[in-house]
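Chains A and B, in that order, are what the protein sequence lines are. When we follow our numbering, the leftmost residue of the first sequence carries the number 607, and every step to the right adds one. When we follow our numbering, the leftmost residue of the second sequence carries the number 39, and every step to the right adds one. Note that CB positions come from ideal geometry on N, CA and C, so glycine has one too. A short write-up of the structure that comes next.
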Amino acid sequence: MVPLHYYLLVSAVVFAIGVIGVLIRRNLIVILMSVELMLNAVNLTFIAFSRFLGSMEGQVAVFFVMAVAAAEAVIGLAIIISGFRHRQSLDPQEMQLLKW
Amino acid sequence: MNASTWIFYILSTLLIITSLMVVFLRNVVHCAMALVAALFIIAVFFVTLQAPMVGVFQVLIYAGAIMVLFLFVIMLLNPTTRERGGGVWWNFGTVLALLLGGLLVPLLSNSESARDPLVSTELFGSPEMLAKSLFNDFVLPFEIASVLLLVAIVGAVVLAKRER
């Protein structure tokens with residue numbers, strides 16, 4: 607059996623890759639996909655802890671994270687569509703209506 | 039090294055490669071395809087960690103529903119303009135994220151974690167146990183999640199509707 611901290615290492619690396627994606631990409635859809643990647647890295651730690659501590663709470667938490675991630679993806683993509691309609695661009699730098 | 043360790047190494051290498059592809063590929067559709075691959079690999083991880091039900095949810099909800107939604111939006115918007123280069127912020131973001139990874143990795147590799155899992159009964163991770171836990175201890179969060187999904191549906195329709 608693979609020890610627990612191997613799983614934690616893999617999910618830390620995937621989470622850091624997701625953070626890089628959010629920080630350096632200039633495309634709103636790719637930024638949203640990087641957020642999904644980070645959520646999945648966290649889900650992996652939940653499942654690994656649930657397995658190694660022998661409790662089902664981790665799997666239930668992953669269930670709720672999935673529900674919230676689905677809602678987040680739907681709302682985020684709807685905001686991207688309505689923003690694209692006004693600006694014809696997916697660049698987050700051009701979303702500056704509220705900038706003072 | 040036994041077979042499960044080999045499977046773990048192969049899967050984690052593939053997962054890291056596909057995650058890098060999600061972030062660094064230029065074409066948005068290629069990014070989405072790489073993300074589908076990464077989500078499938080995470081589903082395999084779930085199954086090897088005795089969470090088959092959650093693995094099924096992962097394939098159905100993430101790789102199925104959410105990624106189809108992403109691909110539909112990519113198809114509708116058809117983003118053809120090329121991304122501008124980042125400049126200073128590109129380097130700053132990379133350094134910040136590498137710092138985060140560099141802090142997390144030694145912290146986690148030094149930890150004396152449980153080498154062997156505590157229990158591994160036949161029933162652990164089965165739909166039965168998941169449902170028992172979900173509908174006994176977590177009924178209220180479950181109902182709140184259903185309300186949240188309803189709000190998300192209404193909100194998406196209102197936001198994406200064409201103004202007249």
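Does the Cβ of residue i lie closer than 6 Å to at least one heavy atom of the ligand NAD?
i: residue 113 (chain B); result: Ligands are entirely absent from the displayed structure, and the ligand NAD is therefore not among its contents.
Give the DSSP-derived three-state secondary structure of residue i in the structure shown.
i: residue 144 (chain B); result: helix
i: residue 179 (chain B); result: helix
i: residue 162 (chain B); result: coil
i: residue 64 (chain B); result: coil
i: residue 627 (chain A); result: helix
i: residue 661 (chain A); result: coil
i: residue 608 (chain A); result: coil
i: residue 170 (chain B); result: helix
i: residue 40 (chain B); result: coil
Measuring only the C-alpha atoms, how far is residue i from residue j?
i: residue 77 (chain B); j: residue 191 (chain B); result: 23 Å
i: residue 613 (chain A); j: residue 645 (chain A); result: 15 Å
i: residue 197 (chain B); j: residue 681 (chain A); result: 8 Å
i: residue 690 (chain A); j: residue 108 (chain B); result: 15 Å
i: residue 184 (chain B); j: residue 693 (chain A); result: 33 Å
i: residue 702 (chain A); j: residue 696 (chain A); result: 13 Å
i: residue 608 (chain A); j: residue 50 (chain B); result: 12 Å
i: residue 664 (chain A); j: residue 147 (chain B); result: 22 Å
i: residue 110 (chain B); j: residue 628 (chain A); result: 21 Å
i: residue 48 (chain B); j: residue 705 (chain A); result: 46 Å
i: residue 112 (chain B); j: residue 66 (chain B); result: 8 Å
Flag residue i as yes if its beta-carbon sits less than 7 Å from any beta-carbon of chain B, otherwise no.
i: residue 627 (chain A); result: yes
i: residue 683 (chain A); result: yes
i: residue 653 (chain A); result: yes
i: residue 637 (chain A); result: no
i: residue 650 (chain A); result: yes
i: residue 641 (chain A); result: no
i: residue 692 (chain A); result: no
i: residue 662 (chain A); result: yes
With a threshold of 7 Å between beta carbons, is residue i in contact with chain A?
i: residue 192 (chain B); result: no
i: residue 81 (chain B); result: no
Against residue i, what residues of chain B qualify as contacts under a CB-to-CB distance less than 8 Å, listed in chain order?
i: residue 665 (chain A); result: 89, 91, 92, 163, 168 and 171
i: residue 701 (chain A); result: The contacting residues do not exist; residue 701 (chain A) stays about 14 Å from chain B at best.
Starting from the beta carbon of residue i, find every residue of chain A whose beta carbon is closer than 7 Å, and list them in chain order.
i: residue 198 (chain B); result: 684, 687 and 688
i: residue 183 (chain B); result: 670 and 673
i: residue 143 (chain B); result: 615 and 618
Mind pulling the chain A residues with CB within less than 9 Å of residue i?
i: residue 177 (chain B); result: Those do not exist, as residue 177 (chain B) stays about 11 Å from chain A at its closest Cβ, beyond 9 Å.
Per the contact definition of three or more C-beta pairs closer than 8 Å, is the segment 616 to 628 of chain A in contact with the segment 52 to 66 of chain B? Contact between the segment 52 to 66 of chain B and the segment 616 to 628 of chain A is present, because at least three Cβ pairs lie under 8 Å.
Answer yes if the segment 73 to 93 of chain B comes into contact with the segment 636 to 643 of chain A, meaning at least three C-beta pairs across the two stretches below 8 Å, and no otherwise. yes
Quick check: the segment 670 to 682 of chain A against the segment 99 to 110 of chain B, are there 3 or more CB pairs under 8 Å? Between the segment 670 to 682 of chain A and the segment 99 to 110 of chain B there are three or more inter-stretch CB-CB distances shorter than 8 Å, so the stretches are counted as touching.
Pairs of beta-carbons, one from the segment 80 to 94 of chain B and one from the segment 651 to 660 of chain A, closer than 8 Å: are there three or more? yes
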